[in-house]
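*Asks:* Structure in structure tokens, see below.
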Amino acid sequence: MELFPCFIRCAAPGSKTSQILETLTVSDTQDGFVVANDASEKRGYMLVHQLLRLGLLSAVVTCHQGQDFPGLYDPTTQHLHTTNAFDRVLCDVPCTGDGTLRKNENIWRHWHVGDGLTLHPIQLEIAMRGAALLKVGGTMVYSTCSFNPIENEAVVAELIRRSDGALRLVEVALPGLKHRQGLTTWQVGWQSKTKAKKQRHITANDDPTPPIMAWYRSFSEDIPADLRGYRLTRSMFPPDEQDGNVVHLERCLRFVPHDQNTGGFFVAVLEKVAPLPGADEQGLPAYEVHSELGPKCYRYVCRLCNQPGHHIQDCSLSKKSLDKAALNAASSLPLSPESGYTGAHEEDAPSNENATADEVSAGVLKALPPSVWGTLQDFYGLPDAFPS
């Protein structure tokens, strides 16, 4: 495989990144590189140590939210390529992980139908941003370790719809590798009861309440108003027959554990044949704007301000919000000369041992002492001009 700039989303702990870098080391030109991105800084540090341990140095490790990755900066032209930056993109998006049920026994006890519904919007956003960063003629792989079609085929179908023909599924296969075709039809479920009601429903035969699980075959069915467009969006449902014939979801690859004694995986290989529509190749607009408030907040009225749509802890009149606003106002004031604090080194900084998480996030941070900064410079090879 010929590799040039390659972008990996959700790259840690580094197994796929390492395999791609090994491909680079055996190539003739060896002029490719990998940008491995993960939103978690802790996992990013783990990825750095993994690559150093293996001696694979043709990689840049970044920590960004995948859906907001800025792009690739070209030092020769001093231009930031916000789109069409990479020849290959791997979107190994966060998922419920129910494909690992052989080695993760907690999946059997804690799996919930709502987990996939929660992850679907973020998976779609990461995939859309990956498609925008992909060069025309390049290849993008979307993968999960989940069986849930809402995390798999539903995301791929909506990705292709919003690309307006710029992306197409590629039919791929490897000799000796067993796989199943992608699904073209599925149902979307919603658990409509609390745990206590669920237990009572199982034990009581005369319980007149609705079923624990509600299943919907299409978005046109009678979905409750507090779920429709909020927790259950149109992109979660299978495309109609006409669109399905264009999308070709059967070209997706499903790997089940009992075929070849592996874990469960989903893989979709897409080729970009044209630029995506919209500014910065954002694609066609979504069917609905997904609300993070969800059905519980949809009809909730805050007791502090008597306004609907948010919980009391998120209200602007709550103590947490007022304290944070006061802290932001105080941090924006210029420091007086009498304070003697310049922010240059930790020994000059005021004591802040009892700072809360909100204060830290608001910017009340200590500067690194020279001894720590020197260690970081030596480990990462940072120049003296790099700001500390």
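Residue 18 in our numbering sits at position 22 of the sequence shown, with consecutive numbering throughout.
Backbone N, C-alpha and C fix where the C-beta goes; we use that ideal spot for every residue, glycine too.
#1: I'd like the ranges of any alpha helix (DSSP H) spanning at least 4 consecutive residues and lying wholly in the segment 128 to 179.
#2: Any chance you could list the alpha helix (DSSP H) runs of at least 4 consecutive residues sitting entirely within the segment 20 to 64, in chain order?
#3: What does the alpha-carbon distance come out to for the pair Ala381 and Val242?
#4: Using the C-alpha atoms, what's the distance from Glu217 back to Arg230?
#5: If we call anything under 8 Å between Cβ atoms a contact, is Ala81 one with Cys59?
#6: Among all the DSSP beta bridges, which residues are the ones paired with Arg250?
#7: According to the neighbour-count rule (16 or more other Cβ atoms, all chains shown, within 10 Å of its Cβ), is Pro234 buried or exposed?
#8: Which two residues bound the contiguous alpha helix (DSSP H) that contains Tyr376?
#9: Suppose you measure from the CA of Tyr138 to the CA of Phe375; what does that come to, to the nearest Å?
#10: In angstroms, rounded to a whole number, what distance separates the CA positions of Pro304 and Leu313?
#11: Taking all protein chains shown into account, decide if Glu147 is buried (16 or more other Cβ within 10 angstroms of its Cβ) or exposed.
#12: Can you tell which of Ala169, Ala123 and Trp186 has its C-alpha closest to the C-alpha of Gly112?
#13: Mind checking Val85: buried by the 16 CB within 10 Å criterion, or exposed?
#14: Taking DSSP as the reference, what is the three-state secondary structure of Glu267?
#15: Alpha carbon to alpha carbon, how far is Arg299 from Ala322? Give it in angstroms, no decimals.
#16: Could you pull the start and end residues of the beta strand (DSSP E) that Val184 belongs to?
#17: Quick one: grab the DSSP three-state call for Asp239.
#18: Suppose you measure from the CA of Gln238 to the CA of Trp369; what does that come to, to the nearest Å?
#19: Taking the continuous alpha helix (DSSP H) assigned at Trp211, which residues delimit it?
#20: Can you tell me which of Val152, Lys99 and Gly134 puts its alpha carbon nearest to the alpha carbon of Thr140?
#21: Return the CA-CA distance between Arg226 and Arg158, expressed in angstroms with no decimal places.
#22: DSSP three-state label for Asp222, please.
#23: Let me confirm a value: Pro145 is counted as buried when at least 16 other C-beta atoms fall within 10 Å, else exposed. Which label applies?
#24: Keeping to the same chain, check which residues put their C-beta closer than 8 Å to that of Glu37; ignore five residues upstream and five downstream.
#25: Please report the distance separating the alpha-carbon of Ser395 from that of Glu149.
#26: Using a threshold of 8 Å, state whether the C-beta atoms of Pro253 and Gly260 are closer than that.
#27: Checking 8 Å against the spacing of the C-beta atoms, do Leu386 and Ala127 come in under that value?
*Replies:* Working from what's here:
#1: 149 to 159
#2: 37 to 50
#3: Walking along the sequence shown from the start, residue 381 turns up at place 385. Walking along the sequence shown from the start, residue 242 turns up at place 246. If I take the Cα positions, the gap works out to 53 Å.
#4: Within the sequence shown, residue 230 is the residue found at index 234, counting from 1. Within the sequence shown, residue 217 is the residue found at index 221, counting from 1. Whole-angstrom Cα-Cα distance: 11 Å.
#5: Taking the sequence shown and counting its residues from 1, one reaches residue 81 at position 85. Taking the sequence shown and counting its residues from 1, one reaches residue 59 at position 63. In this structure, Cys59 does not lie closer than 8 Å to Ala81 by Cβ.
#6: If you number the sequence shown from 1, residue 250 lands on position 254. Beta-bridge pairing links Arg250 to Arg176 and Phe262.
#7: Taking the sequence shown and counting its residues from 1, one reaches residue 234 at position 238. Flag for Pro234 reads buried.
#8: By 1-based counting over the sequence shown, the position of residue 376 is 380. Run containing Tyr376: Pro366 to Tyr376, per the alpha helix (DSSP H) assignment.
#9: Reading the sequence shown from its first residue, position 142 is the one you call residue 138. Reading the sequence shown from its first residue, position 379 is the one you call residue 375. Roughly 33 Å separates the two Cα atoms.
#10: For the purposes of this step, residue 304 is identified with residue 308 of the sequence shown, where counting begins at 1. For the purposes of this step, residue 313 is identified with residue 317 of the sequence shown, where counting begins at 1. For Pro304 and Leu313, the distance between alpha carbons rounds to 14 Å.
#11: The residue labelled residue 147 in the question sits at position 151 within the sequence shown. Its Cβ being crowded by 16 or more others within 10 Å, Glu147 is buried.
#12: Locating residue 112 in the sequence shown gives position 116, counting from the first residue. Selected option, being the one with the closest Cα: Trp186.
#13: Numbered from 1 along the sequence shown, position 89 holds the residue referred to as residue 85. With 16 or more other Cβ atoms within 10 Å, it is buried.
#14: Mapped onto the sequence shown, residue 267 falls at position 271. Residue state, collapsed to three classes: strand.
#15: As a position in the sequence shown, residue 322 is number 326, starting the count at 1. As a position in the sequence shown, residue 299 is number 303, starting the count at 1. Rounded to whole angstroms, Ala322 to Arg299 spans 22 Å at the Cα level.
#16: As a position in the sequence shown, residue 184 is number 188, starting the count at 1. It spans Val184 to Gln187 - the beta strand (DSSP E) in which Val184 sits, taken as one unbroken run.
#17: In the sequence shown, counting from the first residue as 1, residue 239 sits at position 243. It is helical.
#18: The residue given as residue 238 occupies position 242 in the sequence shown. The residue given as residue 369 occupies position 373 in the sequence shown. Those two C-alpha atoms are separated by around 60 Å.
#19: The residue given as residue 211 occupies position 215 in the sequence shown. Unbroken run through Trp211 is the beta strand (DSSP E), Met209 to Tyr212; no alpha helix (DSSP H).
#20: Walking along the sequence shown from the start, residue 140 turns up at place 144. Nearest option by C-alpha distance: Val152.
#21: Here the question's residue 226 lines up with position 230 in the sequence shown. Here the question's residue 158 lines up with position 162 in the sequence shown. Inspection of the sequence shows that residue 226 is occupied by Tyr rather than by Arg. So the alpha carbons of these two residues sit roughly 19 Å apart.
#22: In the sequence shown, counting from the first residue as 1, residue 222 sits at position 226. If DSSP states are grouped into helix, strand and coil, Asp222 belongs with coil.
#23: As a working mapping, residue 145 is identified with position 149 in the sequence shown. Buried is the call here.
#24: Translated into the one-based positions of the sequence shown, residue 37 becomes position 41. Within the same chain, Glu37 has close Cβ partners Cys59.
#25: With the chain running from -3 to 384 in the structure shown, residue 395 is simply not present.
#26: Position 257 of the sequence shown, counting from 1, holds the residue named residue 253. Position 264 of the sequence shown, counting from 1, holds the residue named residue 260. Taking 8 Å as the Cβ cut-off, Pro253 and Gly260 qualify as a contacting pair.
#27: There is simply no residue 386 to check, as the chain begins at -3 and stops at 384 in what is shown.
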